[in-house]
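Working notes for the structure below.
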Amino acid sequence: MPFLNGLVAALLGFGLAHWGQGHLNRWIHGLDEARIPWMNQQTVWVHDFRTRHPHLFPGLVASSALTTLWLGRADLQGWAFVGLQWGLLLLAFIDLETQLLPDGLTQPLLWSGLIFHGLGGGVSLEQGLWGAVLGYLMLAGVYWGFRGWTKREGMGLGDVKLLAVIGAWMGAAQLPLILMGAASLGVVGGLCLGWRKGRNIAFPFGPFMVLAAECILWMNLQGRGA
């Protein structure tokens with residue numbers, strides 16, 4: 589039965605992702621035509637790769653839903669986590685392709701997590717609030733410290749807000765593990781990309797936070813047998 593529920597969610601997610609992908613493409617093309625300065629060759633390459641493989645994003649959305657409901661339950665909490673993962677995956681692809689994390693997505697996702705906890709789902713509302721606050725402050729300190737020291741931006745404020753979203757949904761206690769996992773994945777990803785390109789390149793940190801958060805969420809679901 590869990591697998592059947594996950595299969596239904598996967599089919600739903602696949603269809604929604606295909607529909608949303610068209611809107612995403614039009615938005616990114618608008619940024620490209622406006623010649624946004626950070627839309628460089630690397631971000632355009634990622635976008636071109638996804639458009640050449642139109643089933644990539646829907647496939648990831650579908651597989652995340654299948655995994656979540658297979659490990660968890662097809663109740664309000666299970667579907668809420670499915671929605672969280674869909675939102676995080678969308679943000680990860682937007683970050684990869686534009687180096688932006690729009691407030692129009694991060695803010696509703698943060699508030700929906702707090703409302704979810706307030707209704708009795710997931711962790712306690714107190715844990716969610718502390719998760720949002722600490723998630724923001726942890727990376728905000730890094731952002732302002734690096735900017736003050738080097739006069740450059742090492743990461744965007746979008747990354748700060750993304751960690752606040754993750755903290756709001758998963759609670760403050762999960763944040764250190766998520767950050768360590770994301771940093772480890774980022775180091776490996778940076779080394780692989782730098783070796784392939786033969787030079788140092790900038791890459792977004794958001795997708796690594798999303799990947800770490802999704803893996804830890806699945807581990808928690810499996811550990812609880814939820």
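Under my numbering, the first residue of the sequence shown carries the number 589, and numbering increases by one thereafter.
Beta carbons: idealized from backbone N, C-alpha and C, even for Gly.
Return helix, strand or coil for residue i, following the three-state DSSP convention.
i	result
D691	helix
H641	coil
F704	helix
R614	helix
S652	helix
D747	helix
F791	coil
G723	helix
L594	Just to set this straight, residue 594 is Gly in the shown sequence, not Leu. Here G594 sits in helix by DSSP.
Just the C-alpha distance for residue i and residue j, rounded to the nearest angstrom, thanks.
i	j	result
K739	A728	15 Å
H705	T656	18 Å
L599	A650	6 Å
Q810	Q687	33 Å
A770	L592	31 Å
A653	W732	36 Å
C780	F796	14 Å
G603	H617	22 Å
G778	P792	10 Å
Does the separation of the CB atoms of residue i and residue j fall below 9 Å?
i	j	result
G709	A668	yes
V775	A680	no
L751	L765	no
G759	W718	yes
V748	G701	no
L677	F637	no
L693	G716	no
G744	G723	no
M726	L697	no
P605	V670	Reading off the sequence shown, one finds Ala at residue 605, where the question assumed Pro. Result no, Cβ atoms of A605 and V670 do not sit closer than 9 Å.
W806	L659	yes
G794	L684	yes
P690	G746	yes
For the alpha helix (DSSP H) containing residue i, name the first residue and the last one.
i	result
K739	Where K739 is concerned, there is no enclosing alpha helix (DSSP H), given that its DSSP letter is neither H nor E.
V711	Looking at the DSSP string, V711 is not in any alpha helix (DSSP H), and its letter there is neither H nor E.
D683	664-686
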